[in-house]
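Undergrad: All residue numbers for the sequence shown refer to my numbering, where the first residue is 68 and numbers rise by one. Backbone N, C-alpha and C fix where the C-beta goes; we use that ideal spot for every residue, glycine too. Just so it is clear, the structure is predicted and the values come from calculations on it, not from any experiment.
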Amino acid sequence: MIEEKKERIIEAATTSFSQFGFKGTTMDSVAKIAKVGKGTVYTYFDNKEDLFDEIVDSTIKQMMNVANKAIKPGLPFHENIRHVLEAILAFRQSHSLIMKIVQEARDIQTVHVIKTIEKIDQKIIDYLKNLIQQQIKTGENIQQDPEFLAFLLFKTYILLISDWERNHPSLDSSKITEVLQRQVY
68 MIEEKKERII
78 EAATTSFSQF
88 GFKGTTMDSV
98 AKIAKVGKGT
108 VYTYFDNKED
118 LFDEIVDSTI
128 KQMMNVANKA
138 IKPGLPFHEN
148 IRHVLEAILA
158 FRQSHSLIMK
168 IVQEARDIQT
178 VHVIKTIEKI
188 DQKIIDYLKN
198 LIQQQIKTGE
208 NIQQDPEFLA
218 FLLFKTYILL
228 ISDWERNHPS
238 LDSSKITEVL
248 QRQVY
């Protein structure tokens, strides 16, 4: 029963944050959506930031699971990196909470939301860094620092998919793979 209430609160908060953003969500609105008293929400979470952070942490875990499933044993490293980046980007673009907070960070520049986007990006970079380190251990000849390369791959991929495509024709996956491969080797 206690865990059920907490789950209802988390679901209600996820709905509210996804629709109204961090700034537009209150503990009152979460309580109303969850059909619990405001005091019940505070029983589980000290404040809105703690509630938001728990939801974001869960979302990051989901995203990393999607990334793990994108890895195909036997494919060249640069191909797997592309699959991972595609999976992460697809997850981000289809997840209403992430889309809302990216919009809020851009339009309203809420400090906690900006820090959250930075946290999500750093988790992705750390994940890629770990993949690169694993590849180096298997004897792959990668000349770049793993953290630098992870950052470069992630940011380049984001630029090629989102920023480039605003004013240019979409790049096919083979072109993106070629660009990523040149960065790795």
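What is the rounded straight-line gap between the Cα of Asp174 and the Cα of Val246?
TA: About 31 Å.
Undergrad: Given 8 Å as the limit, is there contact between the segment 144 to 151 and the segment 112 to 131, that is, 3 or more CB pairs closer than that?
TA: The answer is no - the segment 112 to 131 does not touch the segment 144 to 151, with fewer than three Cβ pairs under 8 Å.
Undergrad: Exposed or buried, which one is Met130 when buried takes at least 16 other CB atoms within 10 Å?
TA: Buried, because 16 or more other Cβ atoms sit within 10 Å of the Cβ of Met130.
Undergrad: Considering just the uninterrupted stretch of the alpha helix (DSSP H) at Lys182, what are its terminal residues?
TA: First-last of the alpha helix (DSSP H) with Lys182: Val178 to Lys204.
Undergrad: So the alpha helix (DSSP H) Thr110 belongs to, where does it begin and stop?
TA: Residues Lys105 to Tyr111.
Undergrad: Give the range of the alpha helix (DSSP H) segment to which Glu121 is assigned.
TA: Lys115 to Ala137 is the extent of the alpha helix (DSSP H) around Glu121.
Undergrad: Are Glu185 and Thr177 touching if we call contact CB-CB under 9 Å?
TA: No, these two residues do not count as a Cβ contact at 9 Å.
Undergrad: Report the option in Ile77, Gly88, Glu71 and Lys105 whose CA atom is closest to the CA atom of Val169.
TA: Answer by Cα proximity: Gly88.
Undergrad: Looking at C-beta atoms only, is the number of pairs between the segment 155 to 165 and the segment 236 to 245 that lie closer than 8 Å three or more?
TA: With a cut-off of 8 Å, the segment 236 to 245 and the segment 155 to 165 do not count as touching, because too few Cβ pairs lie within range.
Undergrad: Helix or strand or just coil, what does DSSP make of His150?
TA: Three-state DSSP puts His150 in a helix.
Undergrad: Pick from Phe215, Phe84 and Ala154: whose alpha carbon is nearest that of Asn132?
TA: With distances taken between Cα atoms, Asn132 lies closest to Ala154.
Undergrad: Whole angstroms are fine: how far does the CA of Asp124 sit from the CA of Thr244?
TA: C-alpha separation (whole angstroms): 30 Å.
Undergrad: Which value, in whole angstroms, describes the spacing of the CA atoms of Ile199 and Ile225?
TA: Distance between the alpha carbons of Ile199 and Ile225: 18 Å.
Undergrad: Could you compute how far the alpha carbon of Phe215 sits from the alpha carbon of Glu232?
TA: The alpha-carbon atoms of Phe215 and Glu232 are separated by roughly 25 Å.
Undergrad: Please state whether the Cβ-Cβ distance between Ala157 and Ile192 is less than 9 Å.
TA: No; because the gap between Cβ atoms is not below 9 Å, this pair is not in contact.
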